[in-house]
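Just below is one structure, and these are the notes that go with it.
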Amino acid sequence: MPAGIRRCTEVEGACAIHEAPPEIRVHADLLYVPVEYGALWGLYAGGVRIDRDDPLDAEAARQVADLRDAAPRIDGRFHYLGDVVEHFGHFVVGSLSRLWALPAGADTALLYHGAQDRERLRGLGFLEPMLGSLGGGLEAMRNFHTPVRLAEVTVAERAFRENRSASRAYDGLCKAIGRPWLKGVAVDGDRRPAYLSKLKLPPGSLHKLENEAALVRELERRGVDIVFPEELDLRAQVRLFAERRHILGVTGSALHVSLFAAPERRILGLNWCRNLNSNLLLFDALNGNRAHYYFADGVTWVRNDAYAAERDYFLRWSLPDPASVAAALVERAADFDGIAARDAREAVPRGLFARSAHRARAGMRRLLRLRSS
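So that you can map any letter, position 285 of the sequence shown is 285 in full-length UniProt numbering, and since no number is skipped, the others follow by simple counting.
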């Protein structure tokens, strides 16, 4: 009997949506310590680090006090962006989530932590168009390579807390970024499903579907358009999410693009196990997406704890029968309104998957610990 797909029924993390915006604080005489100073990097109001929750021990507090005494003062107003992570997904759920409070068109310097110069930032591809939609550009970005005291810094709390919570203000920010790119787009105007493939994603990501090429061939044979996000700029990805009635893809940050597009996207995601990362549900809740996530019966995976050092993937996983998975996804896209009834009919007793679910939970917990270290 061909392997089927089952609905992801367990979630790793929390999923709270806050209607109120996060807190904003304006700090005077703030000490900026650059990333070149290792564990001490951050923003300090007096002797308190305000950009992270980690408390300072006595030795670190003494070092910070010495840095403050020697740091030159720089006048001007800054808005704190955070640490610039070059991975799109981590940037979106991290640094970007502080920009919700940036006044439209304001002539404000964007303070960031990171060793990247502007050319490196331009090479990221996604940052420059995001800032352009908000009325700014890379010329507003500022960082320092030695400790400095800054006259005034606005620090907005994150409107998205990874695997925890999100504020409606974050949705407003993402919609403001994507809105200029949707001119002339007919929302849901293309009924042909599009699959976001990871085949061209370079090593270093968290997981890789080893036999995705077989899945792609089967999907294409069934009338699904195959899209490689790496070949599209962010504007084109946002337009794709708006104009396509159905988006399919392996779970990951490519699905986060829905929040920059139109509300209520229809998404079918394929996950490596029963446990679903709650970031996906946070994006879906903010955007009102009709999203359904699945794992395949009999999926196997191999974990590599040294993936970061080896520039490999943390998990390599395989589908036992890509053809049946492709068929199940395409059938659900064709009868999207009937998905709930179909899933209920095809559900099996949980006990049959108890062992694989236990392994999946253990793997995901290990994965989350590695990501946070």
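C-beta: ideal position from N, C-alpha, C; glycine also. Fair warning: this is a prediction, and the values are worked out from it, not measured in the lab.
Beta-bridge partners of residue i, as assigned by DSSP
i: Phe-295; result: Arg-6
i: Gly-249; result: Leu-196, Gly-269
i: Ile-24; result: Ala-156
i: Tyr-32; result: Leu-43, Val-148
i: Asn-277; result: Glu-12
i: Ile-17; result: Ala-166
i: Val-257; result: According to DSSP, Val-257 bridges with nothing at all.
i: Val-302; result: Arg-316
i: Leu-111; result: Tyr-80, Arg-142
i: Asp-190; result: Arg-244
i: Arg-290; result: Arg-266
Status (buried if at least 16 other CB within 10 Å, exposed otherwise) for residue i
i: Asn-143; result: buried
i: Ala-16; result: exposed
i: Arg-304; result: The identity of residue 304 in the sequence shown is Asn, whereas the question assumes Arg. It is exposed - the Cβ of Asn-304 has fewer than 16 other Cβ atoms within 10 Å.
i: Ile-267; result: buried
i: His-145; result: exposed
i: Val-26; result: exposed
i: Lys-208; result: buried
i: Thr-300; result: exposed
i: Ala-166; result: buried
i: Arg-244; result: buried
i: Val-250; result: buried
i: Asp-75; result: exposed
i: Arg-62; result: exposed
i: residue 376; result: A query on residue 376 cannot be resolved here, the shown segment of the chain reaching from 1 to 373 and no further.
i: Gly-42; result: buried
i: Asp-233; result: exposed
i: Gly-47; result: exposed
i: Pro-193; result: buried
i: Ile-24; result: exposed
i: Glu-162; result: buried
i: Asp-297; result: buried
i: Pro-103; result: exposed
i: Ala-39; result: exposed
i: Glu-231; result: exposed
Span separating the alpha-carbon of residue i from that of residue j
i: Phe-126; j: Phe-283; result: 18 Å
i: Glu-220; j: Ile-226; result: 7 Å
i: Ala-308; j: Gly-136; result: 34 Å
i: Ala-20; j: Arg-164; result: 16 Å
i: Pro-129; j: Arg-168; result: 22 Å
i: Ile-177; j: Ala-254; result: 16 Å
i: Ala-115; j: Val-35; result: 7 Å
i: Val-11; j: Arg-73; result: 47 Å
i: Ile-5; j: Ala-340; result: 13 Å
i: Leu-96; j: Tyr-44; result: 21 Å
i: Thr-154; j: Tyr-80; result: 6 Å
i: Ala-285; j: Pro-263; result: 10 Å
i: Tyr-170; j: Asn-289; result: 15 Å
i: Ala-14; j: Val-224; result: 33 Å
i: Glu-212; j: Pro-320; result: 11 Å
i: Arg-7; j: Phe-336; result: 14 Å
i: Pro-202; j: Glu-310; result: 13 Å
i: Glu-59; j: Ala-65; result: 10 Å
i: Pro-22; j: Leu-99; result: 11 Å
i: Leu-30; j: Arg-52; result: 14 Å
i: Arg-316; j: Ser-197; result: 15 Å
i: Ala-242; j: His-256; result: 13 Å
i: Phe-228; j: Leu-248; result: 12 Å
i: Ser-318; j: Ala-327; result: 17 Å
i: Ile-50; j: Arg-118; result: 25 Å
i: Thr-108; j: Leu-281; result: 33 Å
CA nearest to the CA of residue i, picked from the options
i: Arg-179; options: Ala-341, Val-155, Arg-239, Asn-271; result: Arg-239
i: Ala-70; options: Pro-147, Asp-83, Ala-45; result: Pro-147
i: Leu-124; options: Glu-86, Val-64, Ala-328; result: Glu-86
i: Phe-78; options: Ala-101, Gly-89, Val-64; result: Ala-101
i: Leu-67; options: Tyr-37, Asp-75, His-90, Arg-52; result: Tyr-37
i: Trp-272; options: Val-325, Val-224, Gly-76, Leu-173; result: Val-325
i: Phe-295; options: Ile-50, Ala-347, Ile-247, Ala-261; result: Ala-347
i: Met-141; options: Ile-24, Leu-121, Ala-151, Leu-56; result: Leu-121
i: Glu-157; options: Gly-94, Asp-343, Phe-260; result: Gly-94
i: Leu-276; options: Asn-287, His-18, Ala-291; result: Ala-291
i: Leu-259; options: Arg-149, Gly-82, Phe-160, Asp-54; result: Phe-160
i: His-90; options: Leu-270, Asp-343, Gly-252; result: Gly-252
i: Tyr-195; options: Leu-110, Ala-186, Phe-88, Arg-222; result: Arg-222
Heavy atom of the ligand HEM within 7 Å of residue i beta-carbon
i: Pro-103; result: Looking at this structure, you won't find the ligand HEM or any other ligand, since it has none at all.
(request) Return the chain-ordered ranges of every alpha helix (DSSP H) run that is complete within the region 195-234 and spans a minimum of 4 residues. (result) 212-221
(message) Extract the residue ranges of the beta strand (DSSP E) inside the region 36-91, only unbroken runs of 3 or more that lie entirely within it.
(response) 42-45, 73-83
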